[in-house]
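Sequential numbering from -2 applies to the sequence shown in the numbering used here.
Backbone N, C-alpha and C fix where the C-beta goes; we use that ideal spot for every residue, glycine too.
Quick caveat, the model's predicted, so the values are computed rather than measured.
One structure below.
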Amino acid sequence: MTSDPVRDVVIVGSGPAGLTAAIYASRARLNPLCIEGLLRGGQLMLTTEVENFPGFEDGIMGPEMMEKFHRQAERFGTEFLQDDVVAVDFSRQPFEVRTSEKSFRARAVIVSTGASARMLGLPSEKRLMGRGVTTCATCDGAFYRDRPVAVVGGGDSAMEEANFLTRFASRVHLVHRRGEFRASRIMLERARTNPKIEFHLHREVEEILADGKEKVRGVRLRNAQDGTKEELAVDGFFLAIGHVPNTALFRGKLDLDANGYLRTKPDSSHTSVEGVFACGDCVDHVYRQAITAAGMGCRAAIDAERWLEARGR
Ligand code: NAP
């Protein structure tokens, strides 16, 4: 294991929060290292068109937007490393951030590790992952041309995925456990008026069914109101039931709330450890938008800059 000189700032994560922090920190001449993760760019790499990020009046594809953020951070001197962080030591200064191959030391660390797709918790879902079960319509939608699929969830993600999947699938079954939706009116309306989408409300997914080749052939649903069961024949099953924060690395090292989100001090990005800052979806369980994550990244970089400055850096 090799070790580098002590850096001012290491940023962990490369979604809108991490990359915005990188833009601000590099413009402040803090020469940040951004450890991007093996799958860089965060959740926007798994989305289609982003229509609500100001400045892109015609919309922009998520991955293209992240590429632009990346290039902007690079332009001001951010150093990037495409690897996963496997351990951190925040118990003393300088902090240590470790990947599988290398160890980095930093006076300040900005955590922007985002969130990942939530799973239902069914054994069949785990077993059939990649065999018809997926968390990403953008990645896998095209495999289901002229075939029926199901999407589970009642939020914006589920509506977005269902709408997107109608480009390929013969039929999209939208399965939701309640009769009310978290989805915004505009997204819900778009799904409701799409003739290829069929809503199955008050339905819980009891089991994902496989054929003899261990490929998805359907789902068994349970009516939450009267307990009756039914089967839907589908070839693809898309999970869109929200996300969990990627904070396992920080358990016992930084304060987390009951759901695993990082706690920050009021009106700031300061975590429970001085010199460690957090931003984006690993903190925010309320808004969870690219634009709010970017705003939080900006705050974290400014907080880190001021914190370092107060210590004579
Ligand atoms: P969400 O709003 O938290 O919705 C999750 C949905 O999954 C809810 O309907 C929930 O049901 C359901 N669910 C959760 N756990 C479940 C389980 N174990 N079994 C069955 N159903 C379950 O998550 P999201 O849709 O991913 O959206 C997250 C945030 O991203 C939101 O702020 C959203 O506005 C934003 N977003 C925006 C866009 C856009 O504007 N283009 C696109 C995607 C996402 P209940 O309602 O019964 O709890």
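- DSSP places G292 inside the alpha helix (DSSP H), whose first and last residues are 287 to 307.
- Per DSSP, T96 is one residue of the beta strand (DSSP E) stretching across 92 to 96.
- In the displayed model, C31 falls within a strand according to three-state DSSP.
- Closer than 6 Å to some heavy atom of ligand 1: that describes the Cβ of S154.
- For L236, the closest alpha carbon among the candidates M126, V7, F92 is that of M126.
- M58 carries a strand assignment under DSSP once its states are collapsed to helix, strand and coil.
- Note on I183: under 16 other CB atoms within 10 angstroms of its CB, so exposed under the neighbour-count rule.
- Just so you know, the alpha carbons of E204 and E122 end up roughly 8 Å apart.
- With the rule of 3 Cβ pairs closer than 8 Å, the stretch 155 to 172 counts as touching the stretch 139 to 147.
- Looking from the CA of A255, the closest CA among V241, S265, K262, S266 belongs to V241.
- In this structure, DSSP gives G39 a helical state, which the three-state scheme calls helix.
- DSSP, read as helix, strand or coil, puts L259 in strand.
- Within the same chain, Cβ atoms closer than 7 Å to the Cβ of M58 are found at T45, E46, the five residues on either side in sequence being excluded.
- For the pair A180 and H173, the Cα-to-Cα distance works out to about 11 Å.
- Around the C-beta of Y21, 16 or more other C-beta atoms lie within 10 Å, and the residue is accordingly described as buried.
- For K123, no beta strand (DSSP E) encloses it; the enclosing alpha helix (DSSP H) starts and ends at 120 to 124.
- Taking the Cα of L198 as reference, the smallest distance to any Cα among P51, D86, N220 is reached at N220.
- Inclusion of D223 and R214 in the CB contact set at 7 Å is not warranted, their separation being larger than that value.
- Looking at the DSSP output, A112 shares a beta bridge with P242.
- Distance from the C-beta of L30 to the nearest heavy atom of ligand 1 is not below 6 Å.
- Taking 8 Å as the upper bound for CB-CB distance, D81 and L16 are not in contact here, some 17 Å apart.
- Of the residues I288, V85, N191, E64, the one whose Cα lies closest to the Cα of R37 is E64.
- The C-beta of D55 has fewer than 16 other C-beta atoms within 10 Å across all chains shown, which makes the residue exposed.
- In terms of side-chain proximity, the C-beta atom of I57 is found no nearer than 6 Å to any non-hydrogen atom of ligand 1.
- Ranked by how close their Cα comes to the Cα of P2, the residues R102, Q286, L43, V83 have R102 in first place.
- For R24, the uninterrupted alpha helix (DSSP H) segment begins and ends at 13 to 24.
- Checking the 6 Å criterion, the Cβ of R285 is within range of a heavy atom belonging to ligand 1.
- By the 16-neighbour rule on beta-carbons within 10 angstroms, D5 is buried.
- By the neighbour-count criterion, in which 16 or more other beta carbons inside 10 Å mark a residue as buried, V83 falls on the exposed side.
- The beta carbon of Q286 lies closer than 8 Å to those of N49 in the same chain, with the five residues before and after it left out.
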